[in-house]
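Presented below is the structure to which this report refers.
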Amino acid sequence: MSVTHLYRATLLQQWRGGLVLLACSALEGAPAFFSGRLVELAVDRGFAVGAPKAGVGYLALFGVAALAGAFGSRLVWRQLGQVVEPLRDALVTAVVRGVLHDPNPPRNAADASGVARITQHVEVVRDATAGLLVQARAMVVTTAAAIVGLATVAGQLLLPVAVPVVVAVAVFAALLPSLARRQRALVLADERTAETTGAVLGGMRDVVACGAEPGAALAVYDAVEKQAEAAVKVAHSGAARSLVISLGAFVPLIASLAVAPGLVESQELTAGAALGALVYLATTMQPTLRGLAATAGTVVLRLIVALKRLAETAEVPPPKPETREAHGADLEVRGLTFRWGAAPEPVVRGLDLDLRAGDHLAVVGPSGIGKSTLAGLLTGLLTPQAGRVLLDGVPVAEAANRHELIALIPQQAYVFAGTLRDNLGLFAPTASDEHLRDAARAVGAEELLTRLGGLDAELGHEAEGLSGGEAQLIALARVHASAARIVILDEATSTLDPAAEARAERAFTTRGGTLVVIAHRLSSAVRARSVLVLDGRETLLGSHAELLVHSRRYAALMQAWLPAEPIRTGH
Numbered sequence: 001m002s003v004t005h006l007y008r009a010t011l012l013q014q015w016r017g018g019l020v021l022l023a024c025s026a027l028e029g030a031p032a033f034f035s036g037r038l039v040e041l042a043v044d045r046g047f048a049v050g051a052p053k054a055g056v057g058y059l060a061l062f063g064v065a066a067l068a069g070a071f072g073s074r075l076v077w078r079q080l081g082q083v084v085e086p087l088r089d090a091l092v093t094a095v096v097r098g099v100l101h102d103p104n105p106p107r108n109a110a111d112a113s114g115v116a117r118i119t120q121h122v123e124v125v126r127d128a129t130a131g132l133l134v135q136a137r138a139m140v141v142t143t144a145a146a147i148v149g150l151a152t153v154a155g156q157l158l159l160p161v162a163v164p165v166v167v168a169v170a171v172f173a174a175l176l177p178s179l180a181r182r183q184r185a186l187v188l189a190d191e192r193t194a195e196t197t198g199a200v201l202g203g204m205r206d207v208v209a210c211g212a213e214p215g216a217a218l219a220v221y222d223a224v225e226k227q228a229e230a231a232v233k234v235a236h237s238g239a240a241r242s243l244v245i246s247l248g249a250f251v252p253l254i255a256s257l258a259v260a261p262g263l264v265e266s267q268e269l270t271a272g273a274a275l276g277a278l279v280y281l282a283t284t285m286q287p288t289l290r291g292l293a294a295t296a297g298t299v300v301l302r303l304i305v306a307l308k309r310l311a312e313t314a315e316v317p318p319p320k321p322e323t324r325e326a327h328g329a330d331l332e333v334r335g336l337t338f339r340w341g342a343a344p345e346p347v348v349r350g351l352d353l354d355l356r357a358g359d360h361l362a363v364v365g366p367s368g369i370g371k372s373t374l375a376g377l378l379t380g381l382l383t384p385q386a387g388r389v390l391l392d393g394v395p396v397a398e399a400a401n402r403h404e405l406i407a408l409i410p411q412q413a414y415v416f417a418g419t420l421r422d423n424l425g426l427f428a429p430t431a432s433d434e435h436l437r438d439a440a441r442a443v444g445a446e447e448l449l450t451r452l453g454g455l456d457a458e459l460g461h462e463a464e465g466l467s468g469g470e471a472q473l474i475a476l477a478r479v480h481a482s483a484a485r486i487v488i489l490d491e492a493t494s495t496l497d498p499a500a501e502a503r504a505e506r507a508f509t510t511r512g513g514t515l516v517v518i519a520h521r522l523s524s525a526v527r528a529r530s531v532l533v534l535d536g537r538e539t540l541l542g543s544h545a546e547l548l549v550h551s552r553r554y555a556a557l558m559q560a561w562l563p564a565e566p567i568r569t570g571h
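Residue numbers (full-length UniProt numbering): 1 to 571.
Following this line, the structure appears as structure tokens:
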């Protein structure tokens, strides 16, 4: 599904709000339809024949129609949020997904361009859609009502009105491609400015340390100048658009003023009909035509450009496959291969692995070799280019209950504002207080529980007042209290001391189920039942003792970790 299809599908899902908008449109168009006709009747059947009360009565009806139109506009605004807000949520989700799956993401830096897409392009789509639902819709309804009303009052004026309008619209349509290209150039220039300034500000300390302030300033100035040039070109195109629309709006009025007196003199039109026609043109059709063209030239144009830009960078999830329940907790990995983007070498290549209940696996290897990537593949968070990961015979990404069977604890522990009970019971909402205390005791967080004041203790926003190790203890206790049968620790004990790390790992091995440790310290490999060594070329699986003999990479890692103890390597 493309972003455009997502846009359409999300709007179609709000069909009830669309029906309300349609009903309100008919009500909102009442003044445009009745305005010229009621003015004609006020003149021909009222003031012109010496019946001022009748004339005032018709004008009063015009006022009632205006009130009805205002009430219709009020109803439009009340329904607008129900249609637009779900659209924004869907687009933000697509953009964030695209940023997370970017094959060439910024390294060790914020994605300023991605932030610009979320904060600007999505908001452009949201605001433009709202503008179309409110302004363009109302203008189309008003213009159509004015044309129909003009045909009923003064059909003789339709030709001098229609010809210049059609010509202006045709010229305007011919200008749209160039307007779109310039608007797109402005959008890209704005992204480059955000990306450049974000990179410079984020690395300001390095810039100053290297004495690179002039170069950094030049890069920012160049990006800003190109953005300004793109904005000036858009303004020039806007001026040409305004000229075309002005001619299309004023020529019909001038032509009608030129033709109407002769028609009145020949009695083909009454004075009231001529005045009613001018009311349609001057107070309804002319301003709405200009507004409609202005909306099409700005709102619609920005909407098209923003959707195209989002389509280039966002990722819309495919339809969800049918899910099945996994009844066991055995993981079977066959031929697993994964590479990031267009990188020539996969970080995981042809991996075969079996994990059964009670297994304790440590994954070791140099930093950046793909250990965390493997964790994402085992949990179904990443999709491999080849091979498969089965959870009790079910593809892990399609297992409906994988969130209940598998728990991944990352290095950056997540602690949210609320009570300690809320945090520990996140994955076990029905667990008793005693069960939560037992989980905290098992991973070594009992002292922390006491220090904080028990399960009712309030934790501040973003774990204020907690150290990194304390936050990790809470995350460990939370998963220990859950029903997960496969636990993956992705350097989840990196800020704990070796003794605390060993206690936490022991707590999960005695708890039952399967434990996979992305090793922060090689002591985790010594404790594990089996060890998986990743070195970028091949993978080796075996016990600690076996790998010391058969894996030079593993022996070298252990030698570097324990330089004082000689380790025999195999050949």
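The beta-carbon is built from N, C-alpha and C at its ideal position, and this holds for glycine as well.
Given the structure is predicted, the values throughout are model-derived calculations rather than measurements.
Between the segment 362 to 372 and the segment 384 to 392, the count of Cβ pairs shorter than 8 Å is below three; the stretches do not touch. Between the alpha carbons of A483 and L331 lies a distance of about 17 Å.
V125 has its alpha-carbon roughly 11 Å from the corresponding atom of E85.
The C-beta separation of L449 from L420 comes to about 7 Å, placing the pair in contact by the 8 Å criterion.
Shortest Cα-Cα distance from A144 to any of R339, Y280 and A492 involves Y280. In this structure, DSSP gives A484 a state outside helix and strand, which the three-state scheme calls coil.
For D535 and P395, the gap between their C-alpha atoms comes out near 26 Å. In this structure the segment 470 to 487 touches the segment 439 to 448; the number of beta carbon pairs closer than 8 Å is three or more. DSSP places T450 within a helical segment (H, G or I) once states are collapsed to three.
In the DSSP assignment, R16 forms no beta bridge with any residue.
Shown here, G393 sits in coil according to DSSP, grouped into three states, outside any helix or strand. In the DSSP assignment, T196 is bridged to no other residue. The criterion of a C-beta distance shorter than 8 Å is not satisfied by V207 and A219. Cβ contact annotation for N401 (same chain, cutoff 8 Å, sequence separation greater than five): E325 and A326, in chain order. Beta-bridge pairing by DSSP links D490 to I518. Assignment of R334 by DSSP, reduced to helix, strand and coil, places it in the strand class. The alpha-carbon separation between V517 and D422 amounts to approximately 26 Å. Annotated three-state conformation of L541 is strand, per DSSP. Rounded to whole angstroms, the gap between the alpha carbons of Y7 and A199 is 32 Å. With 16 or more other Cβ atoms inside 10 Å of its own Cβ, D392 counts as buried. Per the coordinates, the alpha-carbon of R97 lies some 28 Å from the alpha-carbon of A519. Contact check for L378 against T129 fails: the beta carbons are separated by 8 Å or more. Linking K308 to R184 through their CA atoms gives a straight-line distance of about 9 Å. When DSSP states are grouped into helix, strand and coil, I406 belongs to the strand group.
Sorting W340, A477, R339 and E491 by C-alpha distance to the C-alpha of Q411 places E491 at the top.
In the DSSP assignment, the residues bridged to V364 are V533.
Beta-bridge analysis with DSSP links E458 to T419. Collapsing the DSSP output to three states places R339 in coil. An exposed status is given to E268, since fewer than 16 other beta-carbon atoms sit within 10 Å of its beta-carbon. Close CB contacts of K371 within its chain, under the 7 Å cut and outside five residues either way in sequence, are with V363, G365, I518 and L534 (chain order).
Ranking V264, L424 and V165 by CA distance to the CA of S246 puts V165 first. By the beta-carbon neighbour count (other beta carbons within 10 angstroms, threshold 16), D359 is buried. The three-state reading of DSSP puts A386 in strand, counting E and B together.
Setting aside the 5 residues that flank it on each side, Q156 is surrounded in the same chain by L263, E268 and L269, each with a C-beta closer than 7 Å to its C-beta; the list follows chain order. In its chain, beyond the 5 residues on either side, D359, H360, L361 and S543 have a beta carbon closer than 8 Å to the beta carbon of R529. CA-CA distance, A154 to H236, rounds to 38 Å.
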